[in-house]
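Chemist: Mind having a look at this structure? Questions to follow.
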Amino acid sequence: MTTHLITRDRAHADFAATHEPALTVDPGTGDHLTFETDDTAYAQMEQLRDLAKVTATINPVTGPVHVRGAEPGDALAVTIHSIEMAEHGWSVYIPGAGALAGPMGEEWYVRRVPVRDGTVQLTETISCPAAPMIGCIGVASAGAAMSTVMPSYATGGNMDLTDARPGSTILLPVEVEGALLSIGDLHAVMSRGESSFVAIEIAGRATVSVDLVKGKGLRAPRIDTGDELVCVGLGDPVQVSIDRAYEDLFAVLTDEHGYSKHDAYTVMSALAHTELGGPTGSVAPDPLHPFRAVGQVTLARIAKQVLESR
84 MTTHLITRDR
94 AHADFAATHE
104 PALTVDPGTG
114 DHLTFETDDT
124 AYAQMEQLRD
134 LAKVTATINP
144 VTGPVHVRGA
154 EPGDALAVTI
164 HSIEMAEHGW
174 SVYIPGAGAL
184 AGPMGEEWYV
194 RRVPVRDGTV
204 QLTETISCPA
214 APMIGCIGVA
224 SAGAAMSTVM
234 PSYATGGNMD
244 LTDARPGSTI
254 LLPVEVEGAL
264 LSIGDLHAVM
274 SRGESSFVAI
284 EIAGRATVSV
294 DLVKGKGLRA
304 PRIDTGDELV
314 CVGLGDPVQV
324 SIDRAYEDLF
334 AVLTDEHGYS
344 KHDAYTVMSA
354 LAHTELGGPT
364 GSVAPDPLHP
374 FRAVGQVTLA
384 RIAKQVLESR
């Protein structure tokens with residue numbers, strides 16, 4: 084097994100098919116790909132407290148990696164093996180961003196958060212176990228370049244899902260030759276839904292391996308956590324994202340696991356669960372309000388034991 088390091092100097096401000104690959108690999112070899120990320124933007128926010136003066140890219144993604152044989156209609160399977168973190172992360176409030184913009188008001192807030200020995204020291208008296216995950220993971224779109232901030236896209240992007248953690252495999256729909264995988268925006272820990280729009284952001288290195296599922300034909304990302312299968316639904320308004328997540332999970336049961344539609348309906352009514360996903364929405368935001376989400380990401384999940392019991 085070979086480990087390839089893609090350093091943070093190969094970072095970009097978007098996911099785009101026009102970027103020159105930092106690396107080309109074969110799928111299914113078991114080789115490890117380590118993506119290095121940085122937190123320069125948050126350090127500048129601490130110093131400047133003015134977004135207009137921040138010159139570093141917010142949510143830079145490192146890559147892309149060209150995967151030989153990946154073609155439109157395939158799915159890129161990205162298995163997350165480990166996430167190494169720096170010794171401190173960041174809790175940041177950007178005025179106007181997130182669900183807590185009302186009570187937080189117009190004043191900037193930035194806190195350095197120590198992360199040591201698997202523990203995140205949130206305040207002087209409150210800590211929690213680290214639960215590292217990847218906020219930005221995606222492949223290039225066949226259309227325009229994709230933002231690394233918002234929204235989430237059919238091919239990934241800044242999804243901010245806690246399920247994108249070590250041990251999980253992310254399935255991403257391929258739209259361009261070679262897929263062009265990029266990764267960034269690591270978190271030391273994040274609440275589900277990321278109400279504040281910013282988690283405990285942290286620099287570090289994420290190590291993954293890649294494989295291909297030929298002709299998978301996904302319309303949105305999917306996550307295999309080992310214990311659960313999670314379908315991502317994107318849509319505006321919110322109900323559209325809910326419907327799409329449920330529909331994709333229904334198709335998993337009927338098309339991939341042999342359930343009749345009636346059995347699938349009954350099983351899902353009892354054992355399939357949904358929740359709102361990350362805070363970035365599913366439609367590009369109004370440029371005048373770039374941190375206000377439009378549309379929604381919904382997650383539909385079911386225990387893999389249910390799928391395998393059929």
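Residue 258 in my numbering is what sits at position 175 of the sequence shown, and the numbering runs on without skipping anything.
The beta carbon of each residue, even a glycine, is placed where N, CA and C say it ideally should be.
#1: Could you tell me the alpha carbon to alpha carbon distance between D326 and G316, rounded to whole angstroms?
#2: With respect to the beta strand (DSSP E) encompassing H115, which residues constitute its N-terminal and C-terminal limits?
#3: Which residues does DSSP list as the beta-bridge partners of A158?
#4: Could you tell me which whole alpha helix (DSSP H) segments of length 4 or greater appear in the segment 309-353?
#5: So, for A105: in the same chain, excluding its five sequence neighbours on each side, which residues have a beta-carbon less than 8 Å away from its beta-carbon?
#6: I need the DSSP call for R288, collapsed to helix, strand or coil.
#7: If contact is defined by three or more beta carbon pairs under 8 Å, each pair taking one atom from either stretch, is the segment 283-296 in contact with the segment 150-168?
#8: Looking only at C-alpha atoms, which of M187, A213, V296, A376 sits nearest to G201?
#9: In angstroms with no decimal places, state the Cα-to-Cα distance between A180 and L359.
#10: Out of P178, R195, L183, L382, which has the shortest C-alpha to C-alpha gap to E189?
#11: Between the beta-carbon of S224 and the beta-carbon of E258, is there less than 8 Å?
#12: Does DSSP classify R384 as helix, strand or coil?
#13: Kindly indicate the opening and closing residues of the beta strand (DSSP E) around A367.
#14: How far does the beta strand (DSSP E) with T145 in it extend, from its first residue to its last?
#15: Can you tell me where the beta strand (DSSP E) with T86 in it begins and where it stops?
#16: Is L312 closer than 8 Å to K387 when the C-beta atoms are compared?
#17: Alpha carbons only, please: which of V196, H270, S279 is nearest the one belonging to M187?
#18: Return the first residue and the last residue of the alpha helix (DSSP H) that P212 is part of.
#19: Which residues bound the alpha helix (DSSP H) around E129?
#20: For G113, which residues from the same chain have a beta carbon less than 7 Å from its beta carbon, with the 5 sequence-adjacent residues on both sides left out?
#21: Quick one: using the 10 Å Cβ neighbour count with 16 as the cut-off for buried, is T231 buried or exposed?
#22: Taking the alpha helix (DSSP H) that M187 belongs to, which residues open and close that run?
#23: Can you give me the C-alpha to C-alpha distance between L244 and T308, rounded to a whole angstrom?
#24: Starting from R375, follow its DSSP beta bridges and name the residues at the other end.
#25: According to the neighbour-count rule (16 or more other Cβ atoms, all chains shown, within 10 Å of its Cβ), is S274 buried or exposed?
#26: Assuming L295 contacts V150 (C-beta within less than 8 Å), just tell me the rounded distance between them.
#27: For G111 and A247, what's the separation of their Cα atoms in angstroms?
Modeler: Well, looking at it:
#1: 7 Å
#2: 115-120
#3: P256, V296
#4: 321-334
#5: I89, R93, T145, G146, P147, V148
#6: strand
#7: yes
#8: A213
#9: 18 Å
#10: P178
#11: yes
#12: strand
#13: Element bounds for A367: n/a, residue is neither H nor E.
#14: 144-150
#15: 86-89
#16: yes
#17: S279
#18: It is not in any alpha helix (DSSP H) - P212 instead sits in the beta strand (DSSP E) that spans 210-212.
#19: 123-131
#20: M84, S292
#21: buried
#22: 184-187
#23: 12 Å
#24: Answer is none; R375 lacks a bridge partner.
#25: exposed
#26: 7 Å
#27: 20 Å
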